[in-house]
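Taking it in order: structure first as structure tokens, then the write-up.
Residue numbers (our numbering): 13 to 410.
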């Protein structure tokens with residue numbers, strides 16, 4: 013009887029972990045499942061460049077394959093890539109990292125973020141995140157055993173994370189602040205003054221700043237402030253970056269983390285057991301991007317800027333007031349002039365006019381009343397999308 017009873021108890025154990033059950037399905041993925049079932053859609057939804065990777069970058073990877081360079085690299089990444097990256101970070105962001113033990117090459121910024129949260133968070137630690145923000149932030153905190161604490165950002169404040177509000181949310185359990193500027197989904201860029209105030213809060217409370225700066229090169233008429241470059245912040249910052257956005261290399265899945273020797277060592281231990289190393293050919297491509305990709309970056313940024321100006325004016329002209337994004341490649345217009353919430357707006361726009369945007373609440377509750385429009389697509393498609401959106405807005409305007 014006892015054996016039968018034990019077997020019954022085993023069968024009753026939950027199959028899925030508590031942490032996995034805590035996660036909500038991605039609002040973006042859920043929406044794109046619907047998109048896939050409709051033909052003739054103009055997509056302002058997918059957050060990736062419409063450019064192909066510059067050929068000289070791809071060619072470097074092809075050449076490495078032809079030469080049989082397909083073995084593992086160091087867990088940290090190719091030494092020559094780390095050396096070139098250290099040089100790039102010093103020249104571009106005025107912050108120095110040792111290529112020997114303060115840089116880690118990862119499988120995109122997504123892996124870097126996962127490693128960062130797991131390396132520093134203990135069960136019950138709280139991590140402050142802006143709302144709205146990229147969909148992975150809260151989930152990575154939860155998977156690491158932490159508790160995400162949202163601080164609302166608002167259009168009237170240019171979607172900047174307010175230092176005073178952050179400080180008001182700090183408790184004795186707070187371990188870190190996780191932020192991403194330039195912002196996905198809002199396109200906001202934190203001013204140097206605002207970022208410095210936030211840094212002061214982090215230093216005063218001995219917090220780690222996990223800074224996702226994947227869009228750092230995509231800014232328009234303003235300067236990006238690298239958190240780690242601020243006084244006293246290098247040792248308090250895990251700087252995350254990558255090649256996906258600026259170099260049009262999303263599918264290569266290549267990113268990096270820069271931090272103190274102690275933090276990088278902890279992240280590397282997790283990385284070596286879960287990933288081993290980033291793909292060798294992607295690392296070769298990233299090295300070529302750093303060495304000779306600057307001209308392509310500047311060309312793409314100039315083109316995104318033209319599209320940015322076009323879509324923001326177009327959205328305002330059709331009655332969707334739009335905060336002017338200063339970075340990334342997203343517009344985040346308000347849809348409050350319609351009778352629809354963000355999910356209704358996105359779903360009905362897709363079905364009625366075949367234009368795909370992402371509901372603002374996919375990025376947090378404070379994103380409600382907005383939708384995200386990615387302008388990393390052709391001007392022709394943006395123009396046609398705006399024509400269709402005008403019809404839709406006129407139909408649903410209050």
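Note that beta-carbon positions come from the ideal geometry of N, C-alpha and C, so glycine has one too.
Remember, predicted model here, so these are calculated numbers, not experimental data.
- Linking residue 381 to residue 171 through their CA atoms gives a straight-line distance of about 14 Å.
- In the pairwise beta carbon analysis, the stretch 26-34 is classified as not touching the stretch 329-339: fewer than three pairs are separated by under 8 Å.
- The residue among 80, 313, 267, 361 with its C-alpha nearest the C-alpha of residue 283 is 267.
- Beta-bridge pairing by DSSP links residue 187 to no other residue.
- DSSP places residue 357 inside the alpha helix (DSSP H), whose first and last residues are 354-365.
- Around the beta carbon of residue 288, a 10 Å sphere encloses fewer than 16 other beta carbons of the protein chains shown; the residue is thus reported as exposed.
- Judged by DSSP in its simplified three-state form, residue 302 adopts helix.
- For residue 162, the uninterrupted beta strand (DSSP E) segment begins and ends at 159-164.
- When secondary structure is reduced to three states using DSSP, residue 232 falls in the coil class, being assigned neither helix nor strand.
- Residue 229 is a Cβ neighbour of residue 309, given a cutoff of 9 Å.
- Residue 210 is positioned such that its CB atom lies closer than 9 Å to that of residue 173.
- Residue burial annotation: residue 31 is exposed, with fewer than 16 other C-beta atoms found within 10 angstroms of its C-beta.
- Of the residues assessed, residue 378 falls on the buried side of the cut-off, its CB having 16 or more other CB atoms within 10 angstroms.
- Residue range 138-143 is occupied by the beta strand (DSSP E) that includes residue 138.
- In terms of Cβ geometry, residue 73 and residue 297 form a close pair [threshold 9 Å].
- The Cβ atoms of residue 374 and residue 385 lie no closer than 9 Å to each other.
- When DSSP states are grouped into helix, strand and coil, residue 36 belongs to the coil group.
- In this structure residue 93 touches residue 117 by the C-beta definition: roughly 6 Å separates them, less than 8 Å.
- The continuous stretches of beta strand (DSSP E) do not include residue 156, and DSSP gives it neither H nor E.
- Under the three-state reduction of DSSP, residue 48 is assigned to coil, being neither helix nor strand.
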